[in-house]
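In order, the protein sequence lines correspond to chains A and B. The first sequence begins at 466 in the numbering used here and counts up one residue at a time. The second sequence begins at 15 in the numbering used here and counts up one residue at a time. Cβ atoms here follow ideal geometry from the backbone N, Cα and C, with glycine treated the same way. Keep in mind that this is a model prediction, so the values were computed, not measured.
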Amino acid sequence: MQEMSIGTFLWTTLGAFLTLCIFSFLYRDNPFYKLAEHLVVGVSAGYFVIILWHNGLQPNLFNRLNDGNFYLLWLNSAAPWYMIPALLGVMMWTRFSRKWSWISRWPIAMYMGIAAGVAVPLEMKNRVNLQIYSAMTDIDWGNFFGGSLINSASGLSQLIIFLGTIAALFYFFFSKEHTGVFKGLARFGIWILMVGFGASFGYTVMGRISLFVQRIQYVGDWTKVAWSGISGTYTLVWFITFGIFALLAVYEFIQFMARRKKEA
Amino acid sequence: MNIFDRMMSLDRRWVFLFVALVCVITYLIPFSIKINITPEVKSIYDHVESLKAGDYILLAIDYDPNALAELHPMTYAIAEQAFRKELKVIFVTLSQNGPGMADQAIRDISDSLRLEKTYNGITYPARQLINGKDYVFLGYKPYPALVILGMGQNFRLPFPSDYYGTPLDSIPMMKGVLNYDQIKCVIDFAAGNVADMWISYGQGRYNFPLALGMTGVMGADYYPYLNSGQVFGLMGGLLGAAQYESLADNPGPAIDGMRIQLYAHIVIILFILMGNIGFLVTRRKKQV
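Encoded structure:
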């Protein structure tokens, strides 16, 4: 069994405790869940502020402005033009004043202009045009089954992608009534969409279960350390942590039985 | 109330309890399951395997702790494979809580590399990872699209110094490394739309080989990019991570988790079937 110092064990215990706090929500909302939820939000926000300062503002702005002298608000710096983005950043903070909030429109306008200028050609090329090209490739009739039905390079897959794209687009064509051949194509399109949603749902279930599995592994590993015989304190801490939730479960069970009796 | 009515009005907490019990029981019973390898995962493994010692790769740790379960195993397997092959690895994160993830992964992999290990029949000697010589961790910067574009010009534009505050120009490994031209591939581990940005602003603009490791929720949405050749490989969720661990002969939490996953899925499928049978029968009864 892996050796673990008391400090590391206590931090691991805190992680296990918070995990159980979060899972207690599956029964119903309670103060333990609220505590863990608020901790996540608070710690994430605090961590982000510090990371932003040390990884963003300090190296990319202050270190570039600061050449050893602080006087004249860095206007005498070797790279004084960094004052422009700094000023734009400060202007964003005027959002908090009703009177001065109009000033924040200038940096927002600049940011949106740059973002749109950069995004439009690249997004158009990479997420529209290239996808259209790939849906129009020649069907590989010579390798139609590709050795396996799930081979995405096989002719069959290419045919399904081609027909599926056309049919799905037909479904979203509302300028003409969905009748006759058009109705058949649109119906095939909706089936293709359903298959896509099904695949996404399957992956989502897998993703959510993965999160649960990882927490089980975490709590399981913590339990193994607690019961490994390294120290009686570890086992006691484990008992206290689980004891809190065991008592909570017993309390909820008594409440549940009382409610049932009342209803009966 | 007959059994079908009961199926329809089953309290969701029974489903949670049953899934939890199945997961805990399968965790406690040791057994293994076969992991089938898909071409999109194998292409990433083959690409990393084809690189020579001293080649540079960039690993983007674009996830927060909430996606750790699925993406950490991928990061560990690929980074360990890269370090065992003596590749130079540049780590970067464009996710706000990502620095902690990258830092933890680097420390754990460093510990693992201190032991001699055999993967796929090849014995790799123990080695000490040195920051600045074997790897660089650039840290975090906000606005992913602009950072990705900036790195295409010069890594020093968005990252004048690394995560630990060392100027990039004074890091031995970064000498002569200007932008993506010196990188053999970028592998993005993403839990959000940063993957889209790597495709549009990174691969689409600078044309480097890009592979994606992503959460299960995102998996299905990115296959069109594989089909169009914009990404050369995809790993989706814990399954993708398990496949990679299996290919790298480095079993870890993903392979261990898949056996639990298997039975959890069976339980969920059974509940879906039960719910649908209950729905169909009660609907027919109402029609009659």
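Residues of chain A with CB closer than 9 Å to the CB of residue i, please, in chain order.
i: residue 82 of chain B; result: 676 and 679
i: residue 213 of chain B; result: 591 and 592
i: residue 41 of chain B; result: 678, 681, 682 and 685
i: residue 282 of chain B; result: 670 and 674
Kindly list, in the order they appear in chain A, the residues whose Cβ is closer than 7 Å to that of residue i.
i: residue 37 of chain B; result: 677, 678 and 681
i: residue 231 of chain B; result: 668, 669 and 672
i: residue 30 of chain B; result: 491
i: residue 337 of chain B; result: With chain B covering 15 to 302 only, the question about residue 337 of chain B has no answer from this structure.
i: residue 250 of chain B; result: 668
i: residue 257 of chain B; result: In chain order: nothing, as chain A lies at least about 13 Å away.
Would residue i be called buried (16 or more neighbouring beta carbons within 10 Å of its own) or exposed?
i: residue 567 of chain A; result: exposed
i: residue 591 of chain A; result: buried
i: residue 725 of chain A; result: exposed
i: residue 520 of chain A; result: buried
i: residue 554 of chain A; result: exposed
i: residue 580 of chain A; result: exposed
i: residue 218 of chain B; result: buried
i: residue 260 of chain B; result: buried
i: residue 704 of chain A; result: exposed
i: residue 226 of chain B; result: buried
i: residue 476 of chain A; result: exposed
i: residue 722 of chain A; result: exposed
i: residue 603 of chain A; result: exposed
i: residue 610 of chain A; result: exposed
i: residue 45 of chain B; result: exposed
i: residue 207 of chain B; result: exposed
i: residue 267 of chain B; result: buried
i: residue 20 of chain B; result: exposed
What residues are listed by DSSP as bridge partners for residue i?
i: residue 199 of chain B; result: B:71
i: residue 263 of chain B; result: Note: residue 263 of chain B sits in no beta bridge, so no partner.
i: residue 4 of chain B; result: Here chain B covers residues 15 to 302 and nothing more, so residue 4 of chain B does not appear.
i: residue 250 of chain B; result: B:228
i: residue 136 of chain B; result: B:133
i: residue 104 of chain B; result: B:72 and B:150
i: residue 175 of chain B; result: B:181
i: residue 168 of chain B; result: Residue 168 of chain B pairs with nothing; no bridge assigned.
i: residue 145 of chain B; result: B:149
Taking residue i as the query, report the chain B residues whose CB atoms sit under 7 Å from its CB, ordered along the chain.
i: residue 664 of chain A; result: 234
i: residue 590 of chain A; result: 218
i: residue 530 of chain A; result: The contacting residues do not exist; residue 530 of chain A stays about 12 Å from chain B at best.
i: residue 516 of chain A; result: 110, 113 and 154
i: residue 512 of chain A; result: 111
i: residue 596 of chain A; result: 238 and 242
i: residue 573 of chain A; result: In chain order: nothing, as chain B lies at least about 14 Å away.
Is the beta carbon of residue i sitting closer than 8 Å to the one on residue j?
i: residue 278 of chain B; j: residue 33 of chain B; result: yes
i: residue 229 of chain B; j: residue 251 of chain B; result: yes
i: residue 522 of chain A; j: residue 547 of chain A; result: no
i: residue 76 of chain B; j: residue 108 of chain B; result: yes
i: residue 149 of chain B; j: residue 203 of chain B; result: no
i: residue 70 of chain B; j: residue 197 of chain B; result: yes
i: residue 113 of chain B; j: residue 157 of chain B; result: no
i: residue 151 of chain B; j: residue 120 of chain B; result: yes
i: residue 224 of chain B; j: residue 233 of chain B; result: no
i: residue 74 of chain B; j: residue 212 of chain B; result: yes
i: residue 584 of chain A; j: residue 627 of chain A; result: no
i: residue 111 of chain B; j: residue 79 of chain B; result: yes
i: residue 572 of chain A; j: residue 556 of chain A; result: yes
i: residue 133 of chain B; j: residue 262 of chain B; result: yes
i: residue 182 of chain B; j: residue 173 of chain B; result: yes
i: residue 27 of chain B; j: residue 492 of chain A; result: yes
Can you list the residues of chain A that residue i reaches, using a CB-CB cut of under 8 Å?
i: residue 151 of chain B; result: Correct list: empty, because the minimum Cβ distance to chain A is about 11 Å.
i: residue 159 of chain B; result: 580, 583 and 584
i: residue 118 of chain B; result: Within 8 Å Cβ-Cβ: nothing; residue 118 of chain B doesn't reach chain A, min ~13 Å.
i: residue 271 of chain B; result: 675, 678, 679 and 682
i: residue 177 of chain B; result: 520
i: residue 141 of chain B; result: None at all; the shortest Cβ gap to chain A is about 22 Å.
For residue i and residue j, which I take to be in contact (beta-carbon distance under 8 Å), what is that distance rounded to the nearest angstrom?
i: residue 632 of chain A; j: residue 643 of chain A; result: Going by Cβ atoms, the distance from residue 632 of chain A to residue 643 of chain A rounds to 12 Å, so no, they are not a contact pair.
i: residue 52 of chain B; j: residue 257 of chain B; result: 6 Å
i: residue 40 of chain B; j: residue 273 of chain B; result: 6 Å
i: residue 171 of chain B; j: residue 164 of chain B; result: 4 Å
In chain B, which residues lie with their C-beta within 8 Å of the C-beta of residue i?
i: residue 599 of chain A; result: 238, 241, 242 and 243
i: residue 521 of chain A; result: 154, 155 and 156
i: residue 525 of chain A; result: 155, 172 and 174
i: residue 475 of chain A; result: Chain B residues near residue 475 of chain A: none, gap ~18 Å exceeds 8 Å.
i: residue 661 of chain A; result: 234
Would you mind telling me which residues of chain B sit closer than 9 Å to residue i, beta carbon to beta carbon, in chain order?
i: residue 626 of chain A; result: 238 and 241
Is residue i near the ligand MG, going by C-beta to nearest heavy atom under 7 Å?
i: residue 504 of chain A; result: In the structure on display, the ligand MG does not appear, and there are no ligands present to speak of.
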